[in-house]
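The structure appears right after this line, and notes come after that.
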Amino acid sequence: MDLLTKEEVERKKKLLITKIKRGSIFIHPTDTVYGIGCSAINEEAVKKIREIKKSQIPFSIIIPGKKWIYENCIITPQTEEWIKKLPGPYTLILKLKNKNAISKEVNMDLDTIGIRYPNHWIKDFVETFGQPIVSTIIMDENQTILTHPEELHNEISPKVDFAIHDGRLIRKRSEIITFSKLA
């Protein structure tokens, strides 16, 4: 697994975008914790993350800009107030109006999606990528939230194509704000 710094990500951006679109699995930082991600449109890549995590719960996504929310989610006056707070350490659970905007594997074909728009440079990378990416927490060997990519345990590490190293993170999940019952 390649371990990349922010500067290396910037230099290799085109190559990394191509790899992600083709199905690469990667570890990425956010404003809260490290996540494991892939293109949220690439169904096979999302299935790989499900296998890695042994999980059938819906995943969150990092969106490629606030415009994505307005194009693909149902907006109410209450959700609008929270959208104004982005970027930030929040996961907004919103109703989808366009279920084709992501692979059904991301949200288990539900009518809702967890939206992240972190206050971190990774959002700029996702904006350049132009598509949402899966962003779900990853645990270390002791089942605690990963705070550094080098803590990735040996069972998962060979299944990851690259990791973006951004120092030690805070080990606190984003705050989940649910609006799915409003719309």
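Residue numbers for the sequence shown follow my numbering, so the first one is 1 and each next one is one higher.
Just so you know, even glycine gets a beta-carbon here, dropped at the ideal spot from N, CA and C.
Check whether residue i and residue j have beta carbons under 8 Å apart
{"i": "I62", "j": "V126", "result": "yes"}
{"i": "Q56", "j": "M108", "result": "yes"}
{"i": "I69", "j": "L110", "result": "no"}
{"i": "I36", "j": "T136", "result": "yes"}
{"i": "T32", "j": "I122", "result": "no"}
{"i": "P77", "j": "Y117", "result": "no"}
{"i": "P149", "j": "N119", "result": "no"}
{"i": "I145", "j": "M139", "result": "yes"}
{"i": "L92", "j": "F179", "result": "yes"}
{"i": "I102", "j": "I115", "result": "no"}
Endpoints, the alpha helix (DSSP H) within which residue i is located
{"i": "L15", "result": "K13 to K21"}
{"i": "I93", "result": "Taken as a continuous stretch (DSSP letters only), I93 belongs to no alpha helix (DSSP H), being part of the beta strand (DSSP E) at Y90 to K95."}
{"i": "E175", "result": "Note, E175: premise wrong, no alpha helix (DSSP H); beta strand (DSSP E) at E175 to T178."}
{"i": "I170", "result": "First-last for I170: undefined, no H or E at that position."}
{"i": "I49", "result": "E43 to K53"}
{"i": "E127", "result": "I122 to F129"}
Coarse secondary structure for residue i, derived from DSSP in three states
{"i": "V160", "result": "coil"}
{"i": "T79", "result": "helix"}
{"i": "A183", "result": "Here the model assigns A183 a pLDDT of 43, short of 50, so the residue's position is not dependable, and the following value carries that caveat. Looking at A183 - three-state DSSP - the assignment turns out to be coil, as it is neither helix nor strand."}
{"i": "I27", "result": "strand"}
{"i": "I145", "result": "strand"}
{"i": "D109", "result": "coil"}
{"i": "I69", "result": "helix"}
Buried versus exposed, by CB contacts within 10 Å (16 or more), residue i
{"i": "H153", "result": "exposed"}
{"i": "L182", "result": "Low per-residue confidence applies at L182: pLDDT is 47, beneath 50, and the placement is therefore not dependable enough to give any value."}
{"i": "D166", "result": "buried"}
{"i": "P158", "result": "exposed"}
{"i": "N100", "result": "exposed"}
{"i": "I156", "result": "buried"}
{"i": "K67", "result": "exposed"}
Range covered by the beta strand (DSSP E) that runs through residue i
{"i": "V134", "result": "I133 to I137"}
{"i": "E141", "result": "Taken as a continuous stretch (DSSP letters only), E141 belongs to no beta strand (DSSP E), as it is neither H nor E."}
{"i": "I36", "result": "G35 to G37"}
{"i": "I62", "result": "S60 to I62"}
{"i": "L3", "result": "D2 to L4"}
CB contact below 8 Å: residue i versus chain B
{"i": "I36", "result": "The question asks about chain B, but that chain is absent: this structure has only one protein chain."}
Residue i Cβ short of 7 Å to the ligand MN heavy atom set
{"i": "V160", "result": "Ligands in the displayed structure: none, and consequently the ligand MN is not present."}
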